[in-house]
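> Here it is, the structure, as structure tokens.
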Amino acid sequence: MTGNSAFHNSVNYRSVVIHASGEEVTDPEERMRALRATVEHVVAGRWQDVRAPNEEELRRTMVVRVPLAEASAKLRSGDPIEEPEDLSMPCWAGTLPVKLSFGEPTGDSYLASDTEVPDYLVDYDRVRRC
Numbered sequence: 006m007t008g009n010s011a012f013h014n015s016v017n018y019r020s021v022v023i024h025a026s027g028e029e030v031t032d033p034e035e036r037m038r039a040l041r042a043t044v045e046h047v048v049a050g051r052w053q054d055v056r057a058p059n060e061e062e063l064r065r066t067m068v069v070r071v072p073l074a075e076a077s078a079k080l081r082s083g084d085p086i087e088e089p090e091d092l093s094m095p096c097w098a099g100t101l102p103v104k105l106s107f108g109e110p111t112g113d114s115y116l117a118s119d120t121e122v123p124d125y126l127v128d129y130d131r132v133r134r135c
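Start counting the sequence shown at 6; every next residue gets the next number (our numbering).
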């Protein structure tokens, strides 16, 4: 966002701060549930399509439980704040939006050419999922 004065140039943002101490998850069933939940949170339906982690992958992956002791979130949106005496200035002021969007899924170089894109990736929209 740009305001009429240098002082009031700002950005809209989202921010989360968490204060906590993590604890390693060692129970095999709980670890697998956590890994599945993570994959499914990002792309619902993906876990059933992929190979589950093997023993070596599980050995090399740490799962951490983070109980929230303290957390805060902030969101900034809207127009720049302006001083009344700056409103008549002949310079442009407003918001330049930034958007996060997903493009078309692109298969990797090893993918068989007749492999179809799964339904959960067609028109994928993270915001709609959440």
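We put the beta carbon where it would ideally sit given N, CA and C, even for glycine.
All figures in this text were calculated on a predicted structure; none of them were measured in a lab.
1. Alpha carbon to alpha carbon, what distance is there between A76 and Y125?
2. Indicate whether Y18 and R81 have their beta-carbon atoms separated by less than 9 Å.
3. Do E29 and R56 have their C-beta atoms closer together than 9 Å?
4. Taking Cβ positions, are D84 and G108 nearer each other than 9 Å?
5. Would you kindly report the start and end of the unbroken alpha helix (DSSP H) that includes A42?
Concretely, from the data shown:
1. Going by the C-alpha atoms only, they are around 31 Å apart.
2. A contact, by the Cβ cut-off of 9 Å.
3. Their beta carbons are not under 9 Å apart, which means E29 does not touch R56 by this criterion.
4. Pairing D84 with G108 gives a Cβ-Cβ distance that is not under 9 Å.
5. Counting along the chain, A42 sits inside the alpha helix (DSSP H) bounded by residues P33 to V47.
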